[in-house]
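A.B. asks: Protein chains in written order, with the working numbering: chain A, 1 to 470; chain B, 1001 to 1101; chain C, 2001 to 2385.
From the three backbone atoms N, C-alpha and C, an ideal C-beta is built for every residue, glycine too.
1. Is the region 252 to 263 of chain A touching the region 2211 to 2229 of chain C, taking contact as three or more C-beta pairs under 8 Å?
2. Assuming residue 354 (chain A) and residue 83 (chain A) are in contact, meaning their beta carbons sit under 8 Å apart, how far apart are those beta carbons, in whole angstroms?
3. Do residue 170 (chain A) and the ligand NAD come close, with the Cβ less than 7 Å from some heavy atom?
4. Bridge partners of residue 78 (chain A), per DSSP?
5. Please name the residue or residues paired with residue 1069 (chain B) in a DSSP beta bridge.
6. At 9 Å on the CB atoms, spell out the chain B contacts of residue 2026 (chain C), in chain order.
7. 8 Å is my cut-off, CB to CB: does residue 1096 (chain B) come that close to chain C?
8. Taking only beta carbons into account, state which residues of the region 1053 to 1069 of chain B come closer than 7 Å to chain C, listed in chain order.
9. Where residue 414 (chain A) and residue 1043 (chain B) are concerned, what is the direct C-alpha to C-alpha distance, given to the nearest angstrom?
10. Kindly indicate if chain B contains any beta-carbon less than 8 Å away from that of residue 237 (chain A).
11. Tell me, which residues are paired with residue 350 (chain A) by DSSP?
12. Using DSSP with H/G/I as helix, E/B as strand and the rest coil, what is residue 320 (chain A)?
13. Just the Cα atoms here: how many angstroms apart are residue 254 (chain A) and residue 42 (chain A)?
14. When we look at the beta-carbon of residue 66 (chain A) and count the other beta-carbons within 10 Å, is it buried (16 or more) or exposed?
15. Thinking C-alpha only, which one of A:308, A:270, A:318 is nearest residue 2253 (chain C)?
16. So the alpha helix (DSSP H) residue 133 (chain A) belongs to, where does it begin and stop?
17. Comparing alpha-carbon positions, which option in B:1082, B:1025, B:1013 lies nearest residue 1062 (chain B)?
18. So that I know if they touch, is there some Cβ in chain B lying closer than 8 Å to that of residue 2229 (chain C)?
19. Whole angstroms are fine: how far does the CA of residue 88 (chain A) sit from the CA of residue 2036 (chain C)?
20. Between the Cα of residue 2073 (chain C) and those of C:2008, C:2162, C:2181, spot the shortest distance and give me the residue it belongs to.
21. Looking at chain C, is there any beta carbon in it that lies within less than 8 Å of the beta carbon of residue 296 (chain A)?
22. Does DSSP put residue 2344 (chain C) in a helix, in a strand, or in coil?
23. For residue 1045 (chain B), name the three-state secondary structure that DSSP assigns.
24. Cβ atoms of residue 2064 (chain C) and residue 2092 (chain C): under 8 Å apart, would you say?
25. Taking Cβ-Cβ distances below 8 Å as the criterion, which residues of the region 300 to 316 of chain A are in contact with chain B?
26. Run through chain B and tell me which residues come within less than 8 Å of residue 2218 (chain C), C-beta to C-beta.
27. For the region 235 to 268 of chain A, list every residue whose C-beta sits within 9 Å of some C-beta in chain C, in sequence order.
28. Could you tell me if residue 2011 (chain C) is buried or exposed, where buried requires 16 or more neighbouring beta carbons within 10 angstroms of its beta carbon?
29. For the alpha helix (DSSP H) that contains residue 65 (chain A), what are its first and last residues?
30. For residue 2067 (chain C) and residue 242 (chain A), what's the separation of their Cα atoms in angstroms?
31. Counting Cβ pairs closer than 8 Å, one from the region 293 to 313 of chain A and one from the region 1052 to 1069 of chain B, do we hit at least three?
32. Quick test of your reading: residue 1108 (chain B) and residue 1096 (chain B), contact by CB under 8 Å. State the CB separation rounded to the nearest angstrom.
33. Taking the CB atoms as reference points, tell me whether residue 471 (chain A) and residue 256 (chain A) lie closer together than 8 Å.
34. Tell me whether the region 354 to 373 of chain A and the region 2026 to 2045 of chain C touch, counting them as touching only if at least three CB pairs, one residue from each stretch, are closer than 8 Å.
35. Got a sec? Which residues, its chain only, sit under 8 Å from residue 2201 (chain C) by beta carbon, not counting five neighbours each side?
36. In angstroms, rounded to a whole number, what distance separates the CA positions of residue 362 (chain A) and residue 2273 (chain C)?
Put into structure tokens, the structure is as follows:
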């Protein structure tokens, strides 16, 4: 992926004359961050990055009173099957292995791999359900569980779906689709998107929700993602471009998140590792065969790419020095950001599409900078055209009390902008802040929800199927 | 039969055509069949002076983002962009929107 | 230009989406609306008027200098401010203020354009030259310091030149033609090069250093470059359009390229970036010192991380070394030139002093000079006009 070589491999001749700067024994095989590493020291270096990010006692093997204090720790690893999440799996599993060996079969935490199945969505080359058992076997006897969730499990039931209409004045309306004869799968909904970038935005919302939901059901306290430093930097830029800059502070930092009545620690243990280093790690540990790839070739035409594709490409095309320094600069800058300021006058509510907090009405902002008033009509010819226009549109649909106003954040207004006004958009609305809204009738009660997921969608270790997320 | 049209390079874009802003062209294609795509190719082959400057004008086989294209003074996005069918007498305006604020 | 095509009957789908009565001629990047010329003029002008009134940029009787380069942005700005001033009775006295940087083949021609604008818009024109002000032309500076940091020098010098020009005219408000694309680019650049000090304010429409009498504002903050070019084209405004001979610094170039390709995918992204930019908030500093943060910093120290603003004591506590370098304490004046400055010597004088030292040995120490100057001015770069 990188012709610019932020990680430089040494050829045989160079290698034989360059000792590893860490162990000083073996010959170095590569240079990264201006340091020469042998294979083992490089692997240890990358693993060390994760160890430092997760050095809390709760992830260690516990004895005596510590067992009580920390309880049984469960860590959910969101695995897309791309290099970063597979490397994170290797790093975490090797930690479990070490603990297992050093402590007579004890582990510091339970590791659960969650994959949201993108096989159909992205036309993957392999089924994750076939890969995962092989992958996990590498770390025997460490105990690792896995789950594969169908993307469609985001929509448990048609009854939670609403039709959403975005008006010209940037206000949103919703009405139930109950009673209409059409039923929607997730793929039907994605089909309604105006473009690929919007699909990408919605998938992000879906993945976050499904990962949290699974962590909740599986009683995990920690959720970990494989994001590299490069990926986090990319995410910061992409969020900015999507008008979602105000959530950067949370989206890319290690933070805790409340979902329903539970708190989750969300961590990015590889945040100090460059993407190029992840690729090297993957190669050196012979993990390449486990990587899931889309069989759809990435378009070379700009217009067919998504916003994240373009920002990703930006970082991958920087030269060797820029590759490391720009990513690190962007990440450090992102880490300095905080929550939006809210004063007592601002109504804090939540976006009913993606769930983020809304501090100021984004519609207002947009209305202030977007005039929708026509210039006067003067000539006879113009009047005739106006008449023929009026004749062509027929009766406008009456907005009656079936429609309720819906709160949409700026980012989601952008995501839904350009949705065909006839088909409208369909989505399971969220309603988290019941203080400000009437209570929400469509949230499936958690027990039923759990049963449904377990019955229909989850594939666990003894069954079979596929995956994804990240 | 050739299609007689006019091509204009504005907003500083005339640097790629030896500082000539207006070009009267006779595109050697059949009217009704030739499209904007053909015109773009014609421009790169016949109007751009130095082939090294082609990337200033073209990206991904179409006009580069940052260059505003007007067909008879109408935004080409309203005219089908590359699929627009050329007509004799058409005026094509390419304006660089990039800096020089 | 559309002669000979009059008889065509328009389809309803070809009509303007606001008036439904005239042929649509353009598509707005902001919201994909297709508009006719008249409605385009109307929304374009009204939006700028709204921007001006919402931000309370002007008061009746204000004397306002338009930073005029002869390029499309400032030419359209002059034209539209004249229009709006008359239509809405702003009661402004408008003056064109141009800077002659001394760039042969670029500024000569553009100044000629400004001089024509002076006649067309019946506004007084004041030209301030680098040569008069600093005894250096840009051409001389580049031959001395190299081309690489030309934008840095030019930006600092121009800013001060505009201020001085305005002061000379007894004006305390300079408006510039910065458009939405420029704003979005600046937001991205601040993130890409970690300019934390500017992050929160990068989208402010009206800026004024405390202590400085000169306000600056950007009435085109929410106006797309594409629409400015279209407006100039349809209104047949006389503007000059050649890129500055000294190309923009490479890094800004890559960001601009990224922005253009993003805009092709989602045209609203310019506004979306500005929205993000307006909502970026720095975290309160103390809160940021969490366990993870400390750990992270320790790790960073092992690497070749140069910006160690956090010191870790033996007991594990953390000291934040306040890096004051960018905080502008205003109200002082430069010891050399007497101009307002946050330091003993103002930025322009610092740059010029660096140049003076290198003037005799232009060809010997060229690179050193550039590196030194680049470092010195890294934080000043974004002042470019």
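C.D. replies: In short, the structure shows the following:
1. The region 252 to 263 of chain A vs the region 2211 to 2229 of chain C: no contact.
2. Between the beta-carbon of residue 354 (chain A) and that of residue 83 (chain A) there is about 27 Å, and that puts the pair past the 8 Å contact cut.
3. This structure simply doesn't include the ligand NAD, nor any ligand for that matter.
4. A:114, per the DSSP bridge assignment.
5. Bridge pairing for residue 1069 (chain B): B:1094 [DSSP].
6. Per Cβ cutoff of 9 Å: 1070, 1074, 1075, 1077, 1078.
7. At least one CB atom of chain C sits nearer than 8 Å to the CB of residue 1096 (chain B).
8. Cβ contacts with chain C: 1065, 1066, 1068.
9. Rounded to whole angstroms, residue 414 (chain A) to residue 1043 (chain B) spans 36 Å at the Cα level.
10. Interface annotation, residue 237 (chain A): not in contact with chain B, CB-CB separation never under 8 Å.
11. In DSSP, residue 350 (chain A) forms a bridge with A:357.
12. Correct three-state label for residue 320 (chain A): helix.
13. For residue 254 (chain A) and residue 42 (chain A), the distance between alpha carbons rounds to 25 Å.
14. Label assigned to residue 66 (chain A): exposed.
15. Nearest C-alpha to residue 2253 (chain C): A:318.
16. Looking at the DSSP string, the run of the alpha helix (DSSP H) that includes residue 133 (chain A) is 128 to 137.
17. Selected option, being the one with the closest Cα: B:1082.
18. At least one chain B Cβ lies under 8 Å of residue 2229 (chain C).
19. Annotation: residue 2036 (chain C) to residue 88 (chain A) spans about 55 Å, alpha carbon to alpha carbon.
20. Sorting C:2008, C:2162, C:2181 by C-alpha distance to the C-alpha of residue 2073 (chain C) places C:2181 at the top.
21. Among the residues facing chain C, residue 296 (chain A) is not included, as its CB has no counterpart in that chain under 8 Å away.
22. Coil.
23. Residue state, collapsed to three classes: helix.
24. Contact: yes.
25. Answer in chain order: 300, 301, 302, 303.
26. What residue 2218 (chain C) touches in chain B: nothing, since even the nearest Cβ is about 11 Å away.
27. If the cut-off is 9 Å between Cβ atoms, the region 235 to 268 of chain A has 236, 237, 239, 240, 241, 242, 243, 244, 245, 246, 248, 249, 253, 254, 267 near chain C.
28. When all chains shown are included, residue 2011 (chain C) counts as exposed.
29. Run containing residue 65 (chain A): 65 to 70, per the alpha helix (DSSP H) assignment.
30. Each residue's alpha carbon lies about 32 Å from the other.
31. Contact between the region 293 to 313 of chain A and the region 1052 to 1069 of chain B is present, because at least three Cβ pairs lie under 8 Å.
32. Any answer about residue 1108 (chain B) is impossible in this case: the structure gives chain B only from 1001 up to 1101.
33. Residue numbering for chain A in the displayed model covers 1 to 470; residue 471 (chain A) lies beyond these limits and cannot be assessed.
34. Contact holds: three or more Cβ-Cβ distances are below 8 Å.
35. Cβ within range, chain order: 2207.
36. Straight-line Cα distance between these residues: approximately 14 Å.
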